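Chemist: Sharing a structure below in structure tokens format, with a few things to ask.
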Amino acid sequence: MQPSLPATELSDKRLINSRYQLHELVGTGGMGAVYRAIDRLNGHIVALKQIQLPPGGASRSDESFRLSLAHEFQTLAGLRHPHIISVLDYGFDAGATPFFTMRFLPAAQNILQKSSQLPFGQQVAYIQQLLQALNYLHRRGILHRDLKPDNVLISGDDLYVLDFGLALNEQVQQYVTGGTPLYMAPELLAGDMYSPAADLYAVGVIFYQQLTGRHPFAPFDFRFVDRVFNDEPDWRDVDPRVQPVLARLLSKSPTNRYGRPADVMQALARLLGQSAQPENEAIRESYLQAATFVGRQPELA
Numbered sequence: 000m001q002p003s004l005p006a007t008e009l010s011d012k013r014l015i016n017s018r019y020q021l022h023e024l025v026g027t028g029g030m031g032a033v034y035r036a037i038d039r040l041n042g043h044i045v046a047l048k049q050i051q052l053p054p055g056g057a058s059r060s061d062e063s064f065r066l067s068l069a070h071e072f073q074t075l076a077g078l079r080h081p082h083i084i085s086v087l088d089y090g091f092d093a094g095a096t097p098f099f100t101m102r103f104l105p106a107a108q109n110i111l112q113k114s115s116q117l118p119f120g121q122q123v124a125y126i127q128q129l130l131q132a133l134n135y136l137h138r139r140g141i142l143h144r145d146l147k148p149d150n151v152l153i154s155g156d157d158l159y160v161l162d163f164g165l166a167l168n169e170q171v172q173q174y175v176t177g178g179t180p181l182y183m184a185p186e187l188l189a190g191d192m193y194s195p196a197a198d199l200y201a202v203g204v205i206f207y208q209q210l211t212g213r214h215p216f217a218p219f220d221f222r223f224v225d226r227v228f229n230d231e232p233d234w235r236d237v238d239p240r241v242q243p244v245l246a247r248l249l250s251k252s253p254t255n256r257y258g259r260p261a262d263v264m265q266a267l268a269r270l271l272g273q274s275a276q277p278e279n280e281a282i283r284e285s286y287l288q289a290a291t292f293v294g295r296q297p298e299l300a
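In structure tokens, the structure reads:
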């Protein structure tokens, strides 16, 4: 999703599955297009994302693939966390294109747009919120796989992670692409499998950009991949208190990075002379809650 793009009012306000009326194209990305839509079941505004299957992937009529993806969405819709934009519903349109819906954030900015000029303490606080969301996902065996600024939105004082986890099982992994080269860890660029350490590498890139205003291996040119593999970031504009954390997050080898997002949170707190951030009541409850699809209870019963 790319909030920096101007929304495009649709001349053809298509109706998806007799329920979702598409009004605006609000973003595009490697996985598909995002629309502002009206849920005619309850009148709510939602973000509807249609997933673009890559050429040569599963047929849209492949029943086993459809079942795998439906199971995936059902799992994701059961996630509830204060810093995660949850999946509300899923389906396949008349052309068998998969889609899912999420809460719509009308005035959100991505993390770099919002926080690049903020005081250092607030920048770190947003990174801690991102790590809390990632810790919740990883503890449930879900990898984000495409962490980048446009998937980390801030509305008011709260950070929200979206577009996560479309790779819970091997069958779905075969057909749904993920990852943005600027935020892909070296091992992914080398063709290795995704792991929790790759998500943490992406956090490191975002954190570095937040603090310095530039990518650690910019520019994105023909030498970019070579720099990712061989160069070290320029640390001159990074607060020395957090440089050890960033250096470990951006390690070339995944085995040298932190094992868990919680470990990064603890390291940041220790280096900044803070007590470890306690989980508030909303976060504690998120580990106990499950959710159901809006308007889909009879179908899933």
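Anchor point for the sequence shown: position 174 equals 173 in numbering that gives the first Met the number 0, and the numbering is continuous, going up by one each time. C-beta: ideal position from N, C-alpha, C; glycine also. All values reported here derive from a predicted model rather than from experimental measurement.
For Val-86, tell me which candidate among Ala-46, Val-25, Glu-23 and Asp-92 has the shortest Cα-Cα distance.
Modeler: Per the Cα distances, Ala-46.
Chemist: Pick helix, strand or coil for Arg-138, following the three-state DSSP scheme.
Modeler: In the structure shown, Arg-138 sits in a helix (DSSP, three-state: H, G or I).
Chemist: Need the endpoints of the beta strand (DSSP E) that Phe-206 sits in, please.
Modeler: From DSSP, Phe-206 is part of no beta strand (DSSP E) but of the alpha helix (DSSP H) over 195 to 211.
Chemist: Are Gln-20 and Ile-37 closer than 8 Å when you measure CB to CB?
Modeler: Taking 8 Å as the Cβ cut-off, Gln-20 and Ile-37 qualify as a contacting pair.
Chemist: Which of the three DSSP states is assigned to Pro-97 in this structure?
Modeler: If DSSP states are grouped into helix, strand and coil, Pro-97 belongs with the strands.
Chemist: Using only alpha-carbon positions, find the residue among Leu-104, Val-204 and Tyr-89 that is nearest to Pro-97.
Modeler: Nearest option by C-alpha distance: Tyr-89.
Chemist: Taking 6 Å as the limit between beta carbons, can you name the residues of its chain near Ile-15, skipping five residues before and five after?
Modeler: Same-chain partners within the cutoff: Asp-92.
Chemist: Take the Cβ of Asn-229 as the centre, count every other Cβ of all protein chains shown within 10 Å, and call the residue buried at 16 or more, exposed below.
Modeler: So Asn-229 ends up on the exposed side.
Chemist: Does Val-175 pass the burial test, meaning 16 or more other C-beta atoms within 10 Å, or should it be called exposed?
Modeler: Low confidence applies here, because Val-175 scores a pLDDT of 49, under 50, leaving its location unreliable and the question unanswered by this model.
Chemist: Excluding the 5 residues preceding and the 5 following Arg-18 in the sequence, name in chain order all residues of the same chain whose CB lies nearer than 7 Å to its CB.
Modeler: Hits under 7 Å: Asp-38, Arg-39 and Leu-40.
Chemist: Whose CA, out of Arg-213, Ala-184 and Leu-188, lies closest to the CA of Arg-256?
Modeler: When only C-alpha atoms are compared, the closest one is Ala-184.
Chemist: Just how far apart, CA to CA, sit Asp-238 and Arg-139?
Modeler: Distance between the alpha carbons of Asp-238 and Arg-139: 33 Å.
Chemist: Give me the Cβ distance between Ile-84 and Tyr-159, rounded to the nearest whole Å; I'm assuming they're in contact under 8 Å.
Modeler: Confirmed, Cβ separation roughly 5 Å.
Chemist: Taking a contact to mean a Cβ-Cβ separation below 8 Å, would you say Gln-128 touches His-82 in this structure?
Modeler: For Gln-128 and His-82, yes; Cβs fall inside 8 Å.
Chemist: Indicate the three-state DSSP secondary structure (helix, strand or coil) for Val-123 in the structure shown.
Modeler: If DSSP states are grouped into helix, strand and coil, Val-123 belongs with the helices.
Chemist: Compute the beta-carbon to beta-carbon distance between Asp-198 and Leu-142, rounded to the nearest angstrom, for a pair I have assumed lies under 8 Å.
Modeler: Confirmed, Cβ separation roughly 6 Å.
Chemist: Is Gln-112 helix, strand or coil when you go by DSSP?
Modeler: The answer is helix: DSSP assigns Gln-112 an H, G or I state.
Chemist: Report the three-state DSSP secondary structure of Tyr-174 (helix, strand or coil).
Modeler: Below a pLDDT of 50, predicted positions are generally treated as unreliable, and Tyr-174, at 48, falls in that range; no measurement from the model is reported.
Chemist: Pro-232 and Tyr-207: beta carbons closer than 8 Å?
Modeler: Going by C-beta atoms, Pro-232 is nearer than 8 Å to Tyr-207.
Chemist: Which partner residues does Gln-343 have in the DSSP bridge list?
Modeler: Only positions 0 to 300 of the chain appear in this structure, which leaves residue 343 out of reach.
Chemist: Going by DSSP, which residues form a beta bridge with Ser-154?
Modeler: According to DSSP, which records beta bridges pairwise, Ser-154 is partnered with Asp-157.
Chemist: Express the C-alpha separation of Arg-65 and Glu-71 in angstroms, rounding to a whole number.
Modeler: Between Glu-71 and Arg-65, the C-alpha separation is close to 10 Å.
Chemist: Report the option in Ala-107, Ser-252 and Gly-155 whose CA atom is closest to the CA atom of Leu-188.
Modeler: Nearest C-alpha to Leu-188: Ser-252.
Chemist: Find the nearest neighbour of Arg-269 within the set Lys-48, Arg-240 and Arg-259, judged by alpha-carbon distance.
Modeler: Arg-269 has its Cα closest to that of Arg-240, out of Lys-48, Arg-240 and Arg-259.
Chemist: Would you tell me roughly how many angstroms separate the C-alpha atoms of Leu-248 and Glu-62, rounded to the nearest one?
Modeler: One C-alpha to the other measures close to 40 Å.
Chemist: Can you give the Cα-Cα distance for Glu-186 and Gly-42, rounded to whole angstroms?
Modeler: For Glu-186 and Gly-42, the distance between alpha carbons rounds to 45 Å.
Chemist: Within a Cβ cutoff of 7 Å, which residues of the same chain sit near Val-224, ignoring the five residues on either side of it in sequence?
Modeler: Result list for Val-224: Leu-188, in chain order.
Chemist: Give the DSSP-derived three-state secondary structure of Phe-64 in the structure shown.
Modeler: Looking at Phe-64 - three-state DSSP - the assignment turns out to be helix.
Chemist: Under 8 Å between the Cβ atoms of Ser-146 and Leu-152?
Modeler: In the sequence as presented, Ser is not what sits at residue 146; that position holds Leu. Taking 8 Å as the Cβ cut-off, Leu-146 and Leu-152 do not qualify as a contacting pair.
Chemist: What's the gap between the Cα of Leu-136 and the Cα of Ser-154?
Modeler: Between Leu-136 and Ser-154, the C-alpha separation is close to 21 Å.
Chemist: If you check the beta carbons only, do His-214 and Leu-267 fall under 8 Å apart?
Modeler: No; because the gap between Cβ atoms is not below 8 Å, this pair is not in contact.
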